[in-house]
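Okay, so here's the structure we're looking at.
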Ligand SMILES: Nc1ncnc2c1ncn2[C@@H]1O[C@H](COP(=O)(O)OP(=O)(O)OP(=O)(O)O)[C@@H](O)[C@H]1O
Ligand SMILES: [Mg+2]
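Residue numbers (this note's numbering), protein chains in the order written: chain A, 1442 to 1753; chain B, 130 to 421.
Structure below.
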């Protein structure tokens, strides 16, 4: 065996770590993380160093905040100076007025009750929508039968705005609460279903074949291959669904007799309380955004495999 | 660059005692493949398409067989029939006396690329087969670690596949297939997407592993050098409809070394294959011209 010349040839491919990394073959780029400590480090490299973070992400958040502040300042000016050029700001309360009204709302209890009621409804409706949506979505993505049976309903019902459901929801469901939850549920449901279907249908068939040849059952393939593969798309659907849930909530709470941030907004409208209308609108926007962020954040561990590690 | 004292006979870097311990399960009588009178036909929009015609092939336990042939001749299809992914229209495929009807862990598959589960770490990928076989979590993980160190990737156990190079991913793929102790290893152009240097290294690694496990390997390639370097036998297929047109014994000594690539015996075999393939490729072109 001509081992010397072989050695010369074999040390060359630096793109590959040696067969047994502990042998430390050559200064191979990828043979570096031999020690367990370095390996750990390699796994954490997806987190940016603080300095780089400030330069990129930090700056970007700063810009976003500034953008909002600019809008508030312009609004303040437009309201106090009575801007009226096609768009009329004369009757719009200025941010300072809205802020004062908000302060007094925050000192009372009512406002929090409105928020709590809405949160409860959104939570129930959303959980239902996620469960039903993912189950139906997976079924549709996996079975042509299921898709052919369910898709017509979705196509037909999806364009119907939440407000249009109010009469039927009242007629069909036993309580006010259930009607509101139903309307909110419908709003969240469609994005979840459609994104799940999309994700499931994109499953890489090579991975299914690999799993089958490794002895995976159908259930195992669902859990280990199809769902994780569809997860990026499902998470996108969950985030969109959360936004639409808040969006639909307002419509649902029109029928609420007492509480809910949507009710609060609607009621302020009927009572012509302009600052309160704006408070209600912004609260819905803010809560919707927060909940969407929460969804994204709590789902991110499911997607951590997508981040490129230190090497690439 | 290589100032490290590498007595790099490649066999030295494998942990042989461990290898033997884990390969002990491999039985000399497992892994007999027999393909009898197999036709494989696909229904396409333009009518039935015969991908494999009248294939007959017997592979002995522990044999390393390469399927060689021009692109589209049905190599993958024939291999998929052995794997249980496609059913022959006529004839049957048996592995160890059992007719193949579906994929199973006794036939490990290694695909060309991107076949690792991206959401599982390297370790989880390799542990998947044992887990599916019903061994406990701990045992599956320990099997996975063993096989990862076998392919030299123990340090990457917790990495996700998309952080590894193509060659490393393929090694994980091999470890994953082996972790089920398959009697047959089916490899469909496993090194086809790798650069030349990496490919040579992978071929050597594979031979080392195989020399210990000695399971049957069916290896699809259209690289003639690769086929001659690796195999005991080269089965050459004709252009579509794919038929087996030659079955060449490769009686080169083992263990095989790089120096073999320039030996006269190697050259002669290579020439023999080249001529066959060239003829077939010309045939294929002619067919396509006539069809077009
Ligand atoms: N699922 C399928 N449906 C229809 N036709 C198919 C299918 N799979 C393969 N074929 C056809 O069968 C023939 C053989 O395909 P196969 O993939 O086995 O070739 P191959 O020898 O592996 O080619 P390559 O070297 O390019 O991988 C081709 O003409 C291909 O188009
Ligand atoms: Mg192929």
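Every residue, glycine too, gets a C-beta built ideally from N, C-alpha and C.
Candidates A:1507, A:1530, A:1508: closest to residue 1517 of chain A by CA position | Looking at the Cα atoms, A:1530 is the closest of the given residues.
What runs of the alpha helix (DSSP H), each 4 residues or longer, lie entirely inside the stretch 253 to 300 of chain B?
-> List check, alpha helix (DSSP H) in window: 266 to 279.
Cutoff 6 Å; reference residue 1715 of chain A; Cβ partners in own chain excluding five residues on either side | Closer than 6 Å at the Cβ level, and outside the excluded window around residue 1715 of chain A, lie 1534.
Residue 331 of chain B, buried or exposed, once every other Cβ within 10 Å from all chains shown has been counted against 16 | So residue 331 of chain B ends up on the buried side.
Any C-beta of chain B under 9 Å from that of residue 1739 of chain A = For residue 1739 of chain A, the answer is no, since every Cβ of chain B falls outside 9 Å of its Cβ.
Using Cβ-Cβ distances below 7 Å, what residues of the stretch 240 to 261 of chain B are close to chain A?
-> So the list reads 240, 243, 244, 246, 247, 248, 257, 258, 261, given in the order they occur along the chain.
Along chain A, in chain order, which residues have C-beta atoms closer than 9 Å to that of residue 236 of chain B?
-> Here the neighbours are 1654.
Residue interval of the alpha helix (DSSP H) (run including residue 1732 of chain A) | 1715 to 1740 is the extent of the alpha helix (DSSP H) around residue 1732 of chain A.
In angstroms with no decimal places, state the Cα-to-Cα distance between residue 1705 of chain A and residue 255 of chain B.
-> Cα to Cα, the separation comes out at about 56 Å.
Name the DSSP beta bridge partners of residue 177 of chain B, please?
-> The beta-bridge partner set that DSSP reports for residue 177 of chain B consists of B:172.
Residue range of the unbroken beta strand (DSSP E) whose run includes residue 316 of chain B = Counting along the chain, the beta strand (DSSP E) containing residue 316 of chain B begins and ends at 313 to 317.
Write down every uninterrupted run of the alpha helix (DSSP H) in the stretch 1663 to 1717 of chain A whose length is 4 residues or greater and which is fully enclosed by it, in chain order.
-> 1668 to 1694, 1702 to 1711, all fully within the stretch 1663 to 1717 of chain A.
Minimum Cβ-Cβ distance from residue 407 of chain B to chain A less than 9 Å | Look at residue 407 of chain B: its C-beta is not under 9 Å from any C-beta on chain A.
Determine, using beta-carbon pairs with one atom in the stretch 1686 to 1705 of chain A and one in the stretch 1602 to 1616 of chain A, whether at least three such pairs fall under 8 Å.
-> Because the criterion of three Cβ pairs below 8 Å is met, the stretch 1686 to 1705 of chain A and the stretch 1602 to 1616 of chain A touch.
heavy atom of ligand 1 below 8 Å from residue 318 of chain B C-beta | Yes, Cβ of residue 318 of chain B sits closer than 8 Å to a heavy atom of ligand 1.
Can you name the start and end residues of the alpha helix (DSSP H) that residue 401 of chain B belongs to?
-> Per DSSP, residue 401 of chain B is one residue of the alpha helix (DSSP H) stretching across 393 to 420.
Looking at chain B, which residues of the stretch 1625 to 1650 of chain A have a Cβ within less than 8 Å of any of its Cβ atoms?
-> Listed in sequence order: 1645, 1647, 1648, 1650.
Can you grab the Cα-Cα spacing for the pair residue 1617 of chain A / residue 1700 of chain A, in whole Å?
-> Here the alpha carbon of residue 1617 of chain A sits roughly 11 Å from the alpha carbon of residue 1700 of chain A.
Assign residue 387 of chain B to one of three DSSP states: helix, strand, or coil.
-> The DSSP-derived three-state label of residue 387 of chain B is helix.
Could you tell me if the beta carbon of residue 199 of chain B falls within a distance shorter than 8 Å of some heavy atom in ligand 4?
-> Ligand 4 is not among the ligands present in this structure, which contains only ligand 1 and ligand 2.
Helix or strand or just coil, what does DSSP make of residue 1482 of chain A?
-> Confidence is the limiting factor: at residue 1482 of chain A the pLDDT is only 41, short of 50, which leaves the residue's position unreliable and the question unanswerable from this model.
Continuous beta strand (DSSP E) stretch holding residue 196 of chain B: start and end = Its beta strand (DSSP E) spans residues 193 to 197.
Consider the C-beta atom of residue 397 of chain B and the heavy atoms of ligand 1; say whether any pair is separated by less than 8 Å.
-> No, Cβ of residue 397 of chain B sits at least 8 Å from all heavy atoms of ligand 1.
Taking only beta-carbon positions, decide if residue 1670 of chain A is within less than 9 Å of chain B.
-> It does: the Cβ of residue 1670 of chain A has a partner Cβ on chain B nearer than 9 Å.
Looking at C-beta atoms only, is the number of pairs between the stretch 1617 to 1633 of chain A and the stretch 1642 to 1653 of chain A that lie closer than 8 Å three or more?
-> Fewer than three beta-carbon pairs drawn from the stretch 1617 to 1633 of chain A and the stretch 1642 to 1653 of chain A are found closer than 8 Å, and the two stretches are therefore not classed as touching.
What number of angstroms, rounded off, separates the C-alpha of residue 1499 of chain A from the C-alpha of residue 1727 of chain A?
-> If I take the Cα positions, the gap works out to 21 Å.
Contacts around residue 218 of chain B, its chain only, beta-carbon distance under 7 Å, and the 5 residues preceding and following it disregarded = Closer than 7 Å at the Cβ level, and outside the excluded window around residue 218 of chain B, lie 168, 169, 170.
Uninterrupted beta strand (DSSP E) stretches inside the stretch 1498 to 1585 of chain A (no shorter than 3 residues) = Within the stretch 1498 to 1585 of chain A, no run of beta strand (DSSP E) at least 3 residues long lies entirely inside it.
Give the C-beta separation of residue 194 of chain B and residue 371 of chain B to the nearest angstrom, bearing in mind that I take them to be a contact with Cβ-Cβ under 8 Å.
-> 16 Å between Cβ atoms; not a contact.
So which residues on chain A does residue 212 of chain B lean against when the C-beta distance must stay under 7 Å?
-> For residue 212 of chain B, the chain A residues whose Cβ falls inside 7 Å of its Cβ are 1654, in order along the chain.
Option in A:1593, A:1541, A:1605, A:1628 with minimal Cα separation from residue 1573 of chain A | When only C-alpha atoms are compared, the closest one is A:1628.
With a threshold of 16 other CB atoms inside 10 Å of the CB of residue 288 of chain B, please say whether the residue is buried or exposed.
-> With 16 or more other Cβ atoms within 10 Å, it is buried.
Which residues in the same chain as residue 1577 of chain A place their Cβ atom closer than 7 Å to its Cβ, once the five residues preceding and following it in sequence are excluded?
-> Counting only Cβ-Cβ distances below 7 Å, and skipping sequence neighbours, we find 1591, 1634.
Three-state secondary structure assigned by DSSP to residue 1601 of chain A = In the structure shown, residue 1601 of chain A sits in coil (DSSP, three-state: anything other than H, G, I, E or B).
Roughly how many whole angstroms lie between the Cα atoms of residue 1563 of chain A and residue 1511 of chain A?
-> So the alpha carbons of these two residues sit roughly 32 Å apart.
Residue 424 of chain B versus B:342, B:295, B:263, residue with shortest Cα-Cα distance | No statement about residue 424 of chain B is possible, as the shown extent of chain B runs from 130 to 421 and does not include it.
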